[in-house]
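Before any comments, here is the structure.
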Amino acid sequence: MKFPRAILASITALLPLMSPALSPLEQIPVETFGKMKETERYQMRIAEKHYTDKNFKTALAEYEKFLTLYEKSPGAPYAQLMWSHSMMHLKKPKTALREGFQSVIDYWPESQEATIAAYCMADAYRTMGEVKSAQEAFRFLIREYPDHEIAVRSRTDLLHYARLHQDKEEEMSLLQDLAFKVKRTETSKETCASAARELAEIHFFAQRFDEGKKALATNYSGKELFDNVFNLSAKTVGHLLKDEKTKAAAINLADQLLASLQQDIKERPDEGKEILYKAVGLNATLGRPAEIWKIYEEIAERYGRDDGILGKMAEWYKQRDKREDARRIYAEFKDQVAGLKNIAAMHLEEGKVKEAIEIYRKLIEIDGDHADEHLWAIAGCYEKLSDWKSAIGVYRQVNRFPESNFRMASCHRRLGEHKEAILLYGQCMVADSAAPEATLQTAFTYEEAKEKENAIRTFQLTCRRHPKSGQAGKAHAHLQNKYNINVTLGGSEED
Numbered sequence: 249m250k251f252p253r254a255i256l257a258s259i260t261a262l263l264p265l266m267s268p269a270l271s272p273l274e275q276i277p278v279e280t281f282g283k284m285k286e287t288e289r290y291q292m293r294i295a296e297k298h299y300t301d302k303n304f305k306t307a308l309a310e311y312e313k314f315l316t317l318y319e320k321s322p323g324a325p326y327a328q329l330m331w332s333h334s335m336m337h338l339k340k341p342k343t344a345l346r347e348g349f350q351s352v353i354d355y356w357p358e359s360q361e362a363t364i365a366a367y368c369m370a371d372a373y374r375t376m377g378e379v380k381s382a383q384e385a386f387r388f389l390i391r392e393y394p395d396h397e398i399a400v401r402s403r404t405d406l407l408h409y410a411r412l413h414q415d416k417e418e419e420m421s422l423l424q425d426l427a428f429k430v431k432r433t434e435t436s437k438e439t440c441a442s443a444a445r446e447l448a449e450i451h452f453f454a455q456r457f458d459e460g461k462k463a464l465a466t467n468y469s470g471k472e473l474f475d476n477v478f479n480l481s482a483k484t485v486g487h488l489l490k491d492e493k494t495k496a497a498a499i500n501l502a503d504q505l506l507a508s509l510q511q512d513i514k515e516r517p518d519e520g521k522e523i524l525y526k527a528v529g530l531n532a533t534l535g536r537p538a539e540i541w542k543i544y545e546e547i548a549e550r551y552g553r554d555d556g557i558l559g560k561m562a563e564w565y566k567q568r569d570k571r572e573d574a575r576r577i578y579a580e581f582k583d584q585v586a587g588l589k590n591i592a593a594m595h596l597e598e599g600k601v602k603e604a605i606e607i608y609r610k611l612i613e614i615d616g617d618h619a620d621e622h623l624w625a626i627a628g629c630y631e632k633l634s635d636w637k638s639a640i641g642v643y644r645q646v647n648r649f650p651e652s653n654f655r656m657a658s659c660h661r662r663l664g665e666h667k668e669a670i671l672l673y674g675q676c677m678v679a680d681s682a683a684p685e686a687t688l689q690t691a692f693t694y695e696e697a698k699e700k701e702n703a704i705r706t707f708q709l710t711c712r713r714h715p716k717s718g719q720a721g722k723a724h725a726h727l728q729n730k731y732n733i734n735v736t737l738g739g740s741e742e743d
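Everything in the sequence shown is counted per my numbering, starting at 249 for the first residue and increasing by one.
Laid out in C-alpha cells, this is it:
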C-alpha cells in the first residue's frame, strides 16, 4: 500500500460549509468550495443533502454524477472522497477501499482529501476486521505525517488495539509519544494530556515515581504539578494497599513519595507546613503512627506550637488512649477557652459529668461573653445525670427562646410535672417556627398525663393549624395508630 508523503495540511481546515452534520473527515475545504463554479456547488449541495439525510444510495449516484460532469473541478477529490464514504455506509468497504479512497490518493495525491483518504483506508480495514492491515496503515500514517492531526487519530486507534490485545510494550510506546512527542494543538491537547495522565498512573503502579512525575510535568507545572503528582500517587498507594499481594509495592511507592515531599519542602519552604501535613495523611494511610508523631514534632519545631498542631497532637494521644497526655496538651492551648472545651468534652466521653460541669463553670468565669453557651452545656450535663430540677434551674438562666422552653418542658415531663410542661409549650406557640412542634408535644404531654380527650383534641389541632408541617403528619399517623381516628376533625385553619 503506497501513500503520498507531501500532504501536511491540517484536517481542521476542512470547515463545514453546508451542513454541521458532517464529521471533520467529511467536510469540504473552504478554499476548494470557493474555487468551484456555481453549477458545481449546486450539484455538490444536492449530493450532500441526500448524504446528510442518510439516503446514501442516492448520494452515491449524485457524487458519481458530479465526477462525470465536472472531472476537472477543484471539488472532484472531495466528491470522490464522499463517494467512498457513501460506499462505507452502504456496507461495501472493499469497494470503498479499492475504487474510492485509493482513487483519491492515486489521482489527487497532493490534495487534503488524499490525507483523509489514507486515514479512511486504515479505518476501513478496521471495519472489515482486518486488524493487521489496519494497524499497518495507522503506523504508516504516523510515519508519513507525524505532525498531522491524522497521526494523533492513528495513535489513539492503535492504542485501542494495544489494549485489546494486551500489548503492553506498544501501549507504553504510544502513550510516550502522545505525552512527550506529539505537538499539542487545540485539537490534540486533550488527547495528549489524557495519555500523559494514564502514563503517569502506569508508572506509579509500577513504583516508577520519577517517571510518573515526568509524565504529569507535560500537563502541569508549579503548585498544580505538585498537587496532581501527590493526589494521583497517593491514590495509587491506597489502591495497592487493598490487596495483601501488592502491599509491598504500596510501601515502596509511598516511600518514594515521602522522599519527594522532603525535597519539595526544600524547594518551596513557604508551603512547608502544607506539605508536611500531606505526609501526615500518607503515613496515616500506611498505618504509621510513630512517623506521624515525628512529623507533628517537626511541624511544632519549624512553625511553632500553635493550637492547630497542639490539637492534632492531642488527637494523636486520644487515639492511643493516652488521655491524660491529651488533656495536658489541651491545657497548652493559647486559646484557653478552646482548650477547656476540649477537656470538658473528654470528661463527657469518659462519663465524668461532674468534672465536665466544673470545667464549664470555669469557662463562665473566663468567657463571660458566651455564658449562655456554657450554661447550656451545664444544663445538658445535669440531664445526663438525670438531675432534672437542676437542669431546669440552669436552662431558666439561658436566653435561648424557644429552645430553652422545650428543654425545660422535657425535664418537667421526666418529673411528671405535666402542667408545667404544657405551660412552657404554650409560651413557645407564639413563635411561628416553634408552634407546630410545641402543639404536637403538648398533645403527647396530655397523653402522658392520661388526659385522653385533651390529647386527641390537641393532636387534631396540630393537623388543623399546621397542615403542611411534618408534625401534622406525625399527629395524623398517631391518631390513626393509637386511637383509630382516620379523619382529622375540622378543616385546615388556612382554608
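Every residue gets a Cβ at the ideal spot worked out from N, C-alpha and C, and that includes glycine.
Asked, Found
"Does the distance from the C-beta atom of S321 to that of M369 stay below 8 Å?", "no"
"Let me make sure I understand the geometry here. Which of D395, P650, T710 and V379 has the alpha-carbon closest to that of L406?", "V379"
"For I733, does the three-state DSSP call read helix, strand or coil?", "coil"
"Assign R432 to one of three DSSP states: helix, strand, or coil.", "coil"
"Would you be able to state if there are at least three C-beta pairs under 8 Å between the segment 702 to 720 and the segment 676 to 686?", "yes"
"Could you have a look at K521 and say whether DSSP puts it in helix, strand or coil?", "helix"
"Hey, out of N647, F692, Y326 and E519, whose CA is closest to A669's CA?", "F692"
"Mark E742 as exposed unless 16 or more other C-beta atoms lie within 10 angstroms of its C-beta, in which case mark it buried.", "Only weak support exists for where E742 lies, its pLDDT of 44 falling under 50; the coordinates are left without a value."
"Given a cut-off of 8 Å on the beta-carbon distance, is the pair K521 and Y551 in contact?", "yes"
"Should N653 go down as buried or exposed, given a rule of 16 or more other Cβ atoms within 10 Å for buried?", "buried"
"Based on Cα-Cα distance, which residue from V430, I523, P272 and L588 lies nearest to A365?", "P272"
"Mark L731 as exposed unless 16 or more other C-beta atoms lie within 10 angstroms of its C-beta, in which case mark it buried.", "The sequence shown places Tyr at residue 731, not Leu. With fewer than 16 other Cβ atoms within 10 Å, it is exposed."
"Within the same chain, show all residues whose beta-carbon is closer than 8 Å to that of I547, passing over the 5 residues directly before and after it, in chain order.", "K521, L524, Y525 and I557"
"Does the structure place the segment 303 to 314 close enough to the segment 340 to 350 that three or more beta carbon pairs sit under 8 Å?", "no"
"In its own chain, which residues sit with a C-beta less than 7 Å from the C-beta of F457, not counting the 5 before and 5 after it?", "S481, L501, Q504, L505 and S508"
"Using 8 Å for Cβ pairs, my map puts L389 next to Y355. What's the rounded Cβ distance?", "Not really, about 19 Å apart at Cβ, beyond 8 Å."
"Is K570 helix, strand or coil when you go by DSSP?", "coil"
"Which of the three DSSP states, helix, strand or coil, is assigned to E392?", "helix"
"At the level of alpha carbons, what is the spacing between A725 and T494?", "55 Å"
"Establish whether the CB of Y355 and some CB of chain D are separated by less than 8 Å.", "As a matter of chain content, chain D is missing from the structure shown, which is built from one protein chain."
"Which of the three DSSP states is assigned to D503 in this structure?", "helix"
"Using only CA atoms, which one of E449, L345, E319 and P325 lies nearest to P357?", "P325"
"Looking at P277: is its Cβ nearer than 8 Å to the Cβ of Q360?", "yes"
"Run the CB neighbour count on V678, radius 10 Å, all protein chains shown included, and call it buried at 16 or more, exposed below.", "exposed"
"To the nearest angstrom, how far is it from the Cα of T435 to the Cα of G486?", "34 Å"
"Let me confirm a value: G290 is counted as buried when at least 16 other C-beta atoms fall within 10 Å, else exposed. Which label applies?", "Reading off the sequence shown, one finds Tyr at residue 290, where the question assumed Gly. Classification of Y290: exposed, given that the 10 Å Cβ count is below 16."
"So within the segment 284 to 309, which uninterrupted alpha helix (DSSP H) runs reach at least 4 residues, ignoring any that extend past its ends?", "286 to 300"
"Looking at the secondary structure, which residues open and close the alpha helix (DSSP H) in which F692 lies?", "A683 to E696"
"Compute the beta-carbon to beta-carbon distance between R445 and L464, rounded to the nearest angstrom, for a pair I have assumed lies under 8 Å.", "7 Å"
"Helix, strand or coil for G749? Go by DSSP, reduced to three states.", "Because the chain in this structure spans residues 249 to 743, residue 749 falls outside the shown range and cannot be described."
"Our contact map puts A362 next to R374 with C-beta atoms below 8 Å; I'd like the distance itself, whole angstroms only.", "That pair is no contact at about 19 Å."
"In terms of residue numbering, what span does the alpha helix (DSSP H) encompassing S481 cover?", "G470 to L489"
"Could you work out which residue in A720, C676 and G664 is closest to E695 when comparing CA atoms only?", "G664"
"Just mark T706 as buried or exposed, buried being the case when its beta carbon has 16 or more other beta carbons within 10 Å.", "buried"
"Closer than 6 Å by C-beta to A720: which residues in its own chain qualify, once you throw out the five before and the five after it? Chain order, please.", "T710, C711 and H714"
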